[in-house]
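> Residue numbers (the working numbering), protein chains in the order written: chain A, 1 to 345; chain B, 1001 to 1314; chain C, 2001 to 2500; chain D, 3001 to 3327; chain E, 4001 to 4280. Mind having a look at this structure? Questions to follow.
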Ligand SMILES: Nc1ncnc2c1ncn2[C@@H]1O[C@H](COP(=O)(O)OP(=O)(O)OP(=O)(O)O)[C@@H](O)[C@H]1O
Ligand SMILES: Nc1ncnc2c1ncn2[C@@H]1O[C@H](COP(=O)(O)OP(=O)(O)OP(=O)(O)O)[C@@H](O)[C@H]1O
Ligand SMILES: [Mg+2]
Ligand SMILES: [Mg+2]
């Protein structure tokens, strides 16, 4: 419950991709905020639009992507979607940094990592290359790479997966960013390394008060790391809430489905898992009405007709589901919802 | 470590040279007709034929001829021309310098031109530069180099009279006249190379620019220029380096045509004459030297590759 | 431009500068484009007729020839025939090889012995049995049988005098360090590239050569030769292809000098295999070719019909010999001989002009009912395939001509002649050839050659002459002193450059 | 259960891949991908194989189905040495495999029906028509429809493709299927579908699985026994309930602790965090391979390589802490 | 992936599709050449050589008075026949050798790839010249030489592709089911390595025509009575001062064909790329 203006405010983000077969809407009217020092997790299955959303923040999407004009992404009072490329470049890597899923391909294979870290510094700070190297060394130490002095000259292929991701984080931290976007930072790593990296992220967040947008499809990771959770399905946010609330009482059938389909580690295992039936619809052939209707166990007639809005639910979550919508302007208008609505204008 | 790598690569070159010489040698054996009769012409008598045959070692079994030839070649003795009696090594020496200069200029044009067009095409996508580069990348491979040479001569020599239509001046005899003479043949030679490098570098650069580390660079706040030149190019050049090695062979082959049209007394001219005269010691010698050049260039490109790509393990 | 400018002391004209286009000027350099490199700077080792033009600047010959191929004094001032198997050569005084060694009888003996040694490619002098040094300036040649061609043969490769000292010094590498007694010395040679000559300042003929420097660039490609001439990289082309003549004529900066030569185009036949073992088939080809049409179509009008191996205006030529184009006669000949479906393979070279010619011939012969298959092989392989491997029936070729008609006859129509692989002959022909060899009087010889041609060509068609084409030299305007000859091989040493 | 004859028995198998090259390209070292593994699988049972990336799981799987030969040790199938089988064919009938990457495990240029029928054709089972019928059955068995047979793999989603792979593996009615991370690339919702399918099939057909995964929850869900691997060796082997209730090996403990649990209330639980990375299998540490990262490593761990010793009836662990024989 | 989808995807590449149409038309013209040519291309008329285009002879006559248009049409036949012939050699020899080498690896592969490396090091044109002069100068020998020159490239490509494909899980699945080499080769390897080979072949068809032209220009290619565009260019070059048009027609025909081949290759590369196929 924060009253100050959020660090990042995404309003009605619509990122569309025109293709020869029609327009794909990987992100369709997504709104959320990230407060200072908050870790927000964006979860959802593959193809739900997590990466496109996160890349939209920095306008790094590849190809013929289009942001609809009514979308806005406010960062420190400025709309990133309307900034000139040159001004945006001053924000990238400086105020907002990113780390990606596969640290092998996200690092330039032909440059030593020291240079890659130093580059991030040199791009924004007026320092000598030597000083930049020194800062790089400090950063490597900070992200827990042993024998950092020697590693500065190593090429990415000479590092292990975990170390690469640490190096990637070092690059992201180079200019003390206010927001870190981490797109599946641990998916490519083993669990033991994953827990090291997640620990590191949490520590950094505590130490520097950075906000983190953590993208993942692993609910375990969410539960262990995030403050707040956004559940995404087919380009829309279907549920949003504090991490405790989401896990304690998920409201959307999709969120529920996700929870039960993970085999549990504690206690005796069930004979069969309660899997969500069917598959994610083809983005070009989304069903009318609610996107989840094709897989929803409790779909109603209404669900086939119109898409529900994201609305506040008594549990504290905000849900986009007809099951929980009792007409407009109903009772549950708590402060958070108001805050969000006002922030949207 | 690096030295060891170079040594290993170098050792790998030896069997390759061996096989190549074997191929070349056996190829020339296929040639029908008797070189001795061709040399002696009108005056061939039985005794003279037998004598010359022995003199040239043609009476020995093929394998002995090869061993003999290879042994001599390794010691720098490529024999004498069947046609002129001149030392082949000597003839090659005089032509080699010319061809090396020509190919070096052709290579320079090809690499510089190819890189220029590929990079501008990527830098200004969908601009006229982009389309021009793409067009050139395709057209360059479609225009036979002799046609290109003819057109250049007609325009720049016969009509405008800016540049000489024939001949060659070595760079040691004056850079100015060297340039004047080499411009047209060098360009004719490089046209296909420019096209090939443009095509390949362009597509490789395009692929590279989609790579995630380029996105990382942008995420750091880098601009387009930096993304292309500092991050994309070195990676994109890797496959091109190999192509450049292969291009060398193509260009050496193309000297046959270009030297013919521009009347440049280089290796191409020498070999085409020798083929016409069935002067097979000269053919062997020239081809051997050309192969050695290609192999050396390939060796060098391997080294360059290893230097460009830190992932290569020495 | 082809006027005789041989004598250096032509009277001066009223030119204010004291010099006119007709007056040779000393100095300057000249670049010639030539189709092929010298095969060997050692005259006894060379193999092609292209070599002469490149050797003459370097080597003077014992005998020289006039533009119409009459013998003239060379390094031998005069000669006499004490009997028909002896020749006495009186040598010129005061001649030195360019390495300073003296030219004398010993040197001549050395040279002629060398020509007849096994190292040599030359067979023209094989009838010289021995060479005797009579005194320092006199040499006696003893012949094994009468041979009227010897004197002019001494103007050919066999008469080129090389320095014995140089041969002894350099041995097998002599060709890299050639030394003669000619007007020029060789200063550099890039094989298949360039030959650089410089004037021999000690040349015995005072005042010659005019040029300081002569450069020969080897440019095999005909178009490149023309381009080089048009753009001024070369000054002189000794021989321009017929199809290029028109464009050069249109160029005001270029002067053309056409001349008839002894060379002519021939179809050589293999007379020891069908179909040409039958005289009727050979004659059908002889009459079935429309020579004028070939000249017009293939050569764009350049050339004259040839039905005998000697050109008009040559002393051995006979005007009375005439073989008209007569397709009906061809057909009749074949019909009378009971030949139907005559077909043969004609070998030619993978050079555009030759394949065009061969196809022209093919088209014409098909009209009289003879089928021709064309096979293309590079020149050496073609000759090999025709002469050696007996794979083909006929070969197109350019007979390059010889200084003496006897040399021509000996190469073409003798029983063992090189270009007579079928060894076709008649006893009459054999005795006529012998007789001609033993005759020295030119008129008598001319009569004999007429008979020889009658037997070998008109009656038997052992080989088929087609046409001869002029040798057209092309040069930039400033080049003077070109003196074409019947042999069709350019002499560069008389050229001079008009200086502004 | 131990009385029964194991269906598959690995006895001390090793697989070393020669690597590195000297001056003349000779191999100077080797990756000890699998370094002495013994394991039994009983009919109708599922053995799970977990461990970090590169610890040799797939290599074991590939040796079991005969795609590669062990450097040392023997594999017995129904009491018979695999190496004694005359041809791959004879083995293929009983041993099949499901792969991780559903995209590359199906030939993009064959129709689904052809893919599924391929083992049948290779074993000359039935007529063309009979095979067609069997393919339809199999498609239905894995939750697809017969009409899918005429389509190409490209037209299917990841989960559907995995089903096709399963259908192909079932075609010859094998007794054991090696599942090499069959669900790692799938979304949780699809993963659950596939896991359910595999379990169902096992129940119906009574076959055994060697189930390879690095997701420990998944292994737990599907397996009867679990082998935890570390650097080419088995660190601990136990029945699944026992393994989770009472892990012995410090590595197992660390592994379990590292798994993020989908319950925010547990996020501050105490756990062992492993330091550093997995050492290279080309130069495994001397002594116990785990000692470089082990939180409870002792001096002797640096020299002594522990053997698998029983810790209870069905479980064994390779840790000197439990080895009473060495002091 | 069926032919229909490939065709559809090719159609989406406009330039490639236009090239495809051009080549198809060229093939049709070549097939119909004997019927649509206005004159017998070998009918000489020595009284009408090197004529400029006229109503009678649309493209004029050549150095023997033959109709150039008819010769150009003949030339299209030759171009297609000979380019196909030249490409058959690497396809029938190079590809199988490459597949064997890549599949079995080991010593065979080592020896084989050394040989391929060595042959690739020989400048291709020189090798082709050597082979033609050895075998004799004519069109088929020239095309054979070109085929031989291309062979190592295809062998290398096939080997590289095979090395990848043989490790694909679907090949392993077949092996587990007991598939032998022949089965794997025909069911799995060949179909999957064919797209890059088809693309390469498409480029090399152009290369074959280009190389033939060069050989012809040097007098080592097609010889009459074979009518190839290459020898029309050779004749045109030699007679360029009589009638420069003679070089223009075959020059344009060659360039267009090569361009079409290259564009088609580019298009096929995209159309056959399975990476671009994924719908999900
Ligand atoms: N450049 C593009 N062109 C076409 N479609 C795209 C493009 N980028 C993304 N998409 C589509 O947009 C949708 C969302 O993609 P996105 O990458 O955001 O998913 P994601 O949630 O990050 O999935 P994952 O978990 O697999 O990373 C997908 O259906 C994808 O196919
Ligand atoms: N053909 C091979 N040649 C050389 N080394 C190999 C080969 N196959 C596997 N290895 C090595 O053997 C080790 C074990 O590999 P394996 O694939 O069995 O691991 P894994 O446990 O399946 O890992 P993952 O979870 O990543 O699939 C790795 O270090 C790997 O690099
Ligand atoms: Mg993503
Ligand atoms: Mg694996």
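We treat Cβ as the ideally placed atom computed from N, Cα and C, and that holds for glycine.
Identify every residue that forms a DSSP beta bridge with residue 2213 of chain C.
Residue 2213 of chain C pairs with C:2029, C:2198.
> Quick one: Cα of residue 328 of chain A to Cα of residue 249 of chain A, how far?
Any reading at residue 328 of chain A needs caution, since the residue's pLDDT is 43, under 50, leaving its predicted position unreliable; the model's value is listed next. Approximately 23 Å, taken between the alpha carbons.
> Please work out which residues of its chain come closer than 6 Å, Cβ to Cβ, to residue 2226 of chain C, disregarding the five sequence neighbours upstream and downstream, and give them in chain order.
Within the same chain, residue 2226 of chain C has close Cβ partners 2244.
> Residue 145 of chain A: buried (16+ other C-beta within 10 angstroms of its C-beta) or exposed?
The residue is buried, with at least 16 neighbouring Cβ atoms inside 10 Å.
> Counting pairs of beta carbons, one from the region 1300 to 1310 of chain B and one from the region 2175 to 2182 of chain C, are three or more of them closer than 8 Å?
No, the region 1300 to 1310 of chain B does not touch the region 2175 to 2182 of chain C.
> If we call anything under 7 Å between Cβ atoms a contact, is residue 3014 of chain D one with residue 3059 of chain D?
It is not a contact, given that the beta carbons lie outside the stated cut-off.
> Please say whether residue 2110 of chain C and residue 2181 of chain C have beta carbons closer to each other than 7 Å?
Not closer than 7 Å, so no.
> Does any residue of chain H have a CB that is nearer than 7 Å to the CB of residue 2378 of chain C?
No chain H is present in this structure, whose protein chains are A, B, C, D and E.
> Put residue 3251 of chain D into one of helix, strand or coil per three-state DSSP.
Here residue 3251 of chain D sits in helix by DSSP.
> So what's residue 2183 of chain C in DSSP terms, helix, strand or just coil?
Correct three-state label for residue 2183 of chain C: coil.
> Along chain B, in chain order, which residues have C-beta atoms closer than 8 Å to that of residue 4114 of chain E?
Residues of chain B passing the Cβ test: 1015, 1016, 1019.
> Taking all protein chains shown into account, decide if residue 2991 of chain D is buried (16 or more other Cβ within 10 angstroms of its Cβ) or exposed.
Chain D is shown from 3001 up to 3327; residue 2991 of chain D falls before or after that span and cannot be answered.
> Please specify which runs of the alpha helix (DSSP H), each continuous and at least 4 residues long, are wholly inside the region 55 to 108 of chain A, giving them in chain order.
Counting whole runs of 4 or more residues, the region 55 to 108 of chain A contains the alpha helix (DSSP H) stretches 85 to 91, 103 to 106.
> Are the CB atoms of residue 2397 of chain C and residue 2270 of chain C nearer to each other than 7 Å?
Cβ atoms of residue 2397 of chain C and residue 2270 of chain C: not closer than 7 Å.
> Does DSSP put residue 2 of chain A in a helix, in a strand, or in coil?
Summary for residue 2 of chain A: the model assigns pLDDT 46, below 50, so the residue's position carries little reliability; its value from the coordinates is reported in the next sentence. In the structure shown, residue 2 of chain A sits in coil (DSSP, three-state: anything other than H, G, I, E or B).
> Along chain E, in chain order, which residues have C-beta atoms closer than 8 Å to that of residue 1298 of chain B?
The answer, in chain order, is 4121.
> Shorter than 6 Å, the distance from the beta carbon of residue 178 of chain A to the closest heavy atom of ligand 4, or not?
False, no ligand heavy atom lies under 6 Å from that Cβ.
> Among the residues of its own chain, which have a CB less than 7 Å from the CB of residue 4119 of chain E, if the five just before and after it don't count?
Contacts found: 4152.
> In chain B, what lies closer than 8 Å to residue 100 of chain A by C-beta?
What residue 100 of chain A touches in chain B: 1212, 1215, 1216.
> Quick one: any contact between the region 2366 to 2379 of chain C and the region 2102 to 2120 of chain C, if contact means 3 or more CB pairs under 8 Å?
They do not touch, by the three-pair rule.
> Looking only at its chain, what residues have a beta carbon closer than 7 Å to the beta carbon of residue 4027 of chain E, apart from the 5 residues adjacent to it on each side?
Excluding residues within five positions, the ones whose Cβ falls inside 7 Å are 4080.
> Residue 258 of chain A versus chain D: which residues are under 7 Å apart at the beta carbon?
Near residue 258 of chain A (Cβ distances below 7 Å), the residues of chain D are 3188, 3189.
> Using 10 angstroms around the beta-carbon of residue 1201 of chain B, count the other beta-carbons present and answer buried if the total reaches 16, otherwise exposed.
Buried: at least 16 other Cβ atoms inside 10 Å.
> List the endpoints of the continuous beta strand (DSSP E) containing residue 1086 of chain B.
Per DSSP, residue 1086 of chain B belongs to no beta strand (DSSP E) and is neither H nor E.
> Consider the C-beta atom of residue 3015 of chain D and the heavy atoms of ligand 4; say whether any pair is separated by less than 6 Å.
Not under cutoff, so the answer is no.
> Ignore the nearest five residues each way along the sequence and tell me which others in residue 2194 of chain C's own chain have a CB closer than 6 Å to its CB.
If we look at residue 2194 of chain C and ignore the five residues flanking it on each side, its Cβ neighbours are 2217.
> Does the structure place the region 1266 to 1274 of chain B close enough to the region 1213 to 1220 of chain B that three or more beta carbon pairs sit under 8 Å?
No, the region 1213 to 1220 of chain B does not touch the region 1266 to 1274 of chain B.
> Taking the DSSP output, what are the residues bridged to residue 2977 of chain D?
Any answer about residue 2977 of chain D is impossible in this case: the structure gives chain D only from 3001 up to 3327.
> Under the DSSP definition of a beta bridge, which residues are partnered with residue 2112 of chain C?
According to DSSP, residue 2112 of chain C bridges with nothing at all.
> In the DSSP assignment, what residue or residues form a beta bridge with residue 230 of chain A?
A:42, A:240, per the DSSP bridge assignment.
> With distances taken from CA atoms, which of E:4216, E:4261, E:4147 is nearest residue 4086 of chain E?
When only C-alpha atoms are compared, the closest one is E:4147.
> Since I believe residue 1262 of chain B is in contact with residue 1149 of chain B (beta carbons under 8 Å), could you give me their beta-carbon distance rounded to a whole number of angstroms?
So it is a contact: roughly 7 Å between Cβ atoms.
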